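Engineer:
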Amino acid sequence: MSCGPAYTEDAKGAADDLSRKIIGAAIEVHRYLGPGLLENAYEECLCRELTVRGIPFQRQFPVKIEYKGITVGAAFRIDLLVNDLVIIELKSVEKLEPIHDAQLLTYLRLYKRWLGLLINFNVPVLKDGVQRRVLG
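Residues 55 to 190, numbered by our numbering, are exactly what the sequence shown covers, in order.
1. With a cut-off of 8 Å on the beta carbons, I'd call residue 133 and residue 144 a contact; round off their distance for me.
2. Can we say the region 174 to 187 touches the region 104 to 117, given the rule of at least three CB pairs closer than 8 Å?
3. Under the three-state reduction of DSSP, which class applies to residue 67: helix, strand or coil?
4. Quick one: is residue 136 buried, meaning 16 or more other Cβ sit within 10 Å of its Cβ, or exposed?
5. What residue range does the alpha helix (DSSP H) around residue 107 cover?
6. For residue 72, which of helix, strand or coil comes out of DSSP?
7. Rounded to the nearest angstrom, what separates residue 176 and residue 69 at their Cα positions?
8. Please list, in chain order, all residues of the same chain as residue 131 whose beta carbon is under 8 Å from its beta carbon, the five residues on each side excluded.
Structural data, given as structure tokens:
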């Protein structure tokens with residue numbers, strides 16, 4: 055498991071700037087496709103948009119966890135890890151539920167990252183489907 059960047063003001067600032075770029079890319083995808091598709095379609099198109107914008111990312115990033123001193127391989131996968139700073143969890147659901155928020159917060163805690171975005175594409179206006187989460 056990576057320690058990740060320290061939660062310095064510089065790292066937080068870089069993550070904040072990056073999150074705005076990610077949200078811009080997601081808005082572009084949503085404007086083009088609209089709501090109603092499956093999550094994997096939005097993931098594919100968001101990856102394309104990030105690539106076009108020159109934003110590095112890893113898709114379906116496997117994360118190992120430690121349990122009682124033993125490393126458990128690929129316990130979960132992060133939808134997108136952008137520039138090794140921001141964790142993105144994508145959804146296409148009628149309504150975001152508390153479990154979705156808990157999932158993102160768990161990913162942030164286990165992978166030791168400060169900022170995550172929960173993006174639900176199944177909304178009329180994407181800004182209503184974006185939730186930003188930070189670890190203190």
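No residue lacks a Cβ here, since even glycine has one placed at the ideal position from N, Cα and C.
Since we're looking at a predicted model, the values are computed, not measured.
Structural biologist: If we stick to the structure as given:
1. 5 Å
2. no
3. helix
4. buried
5. Here residue 107 belongs to no alpha helix (DSSP H), and DSSP marks it neither H nor E.
6. helix
7. 25 Å
8. 114, 115, 116, 117
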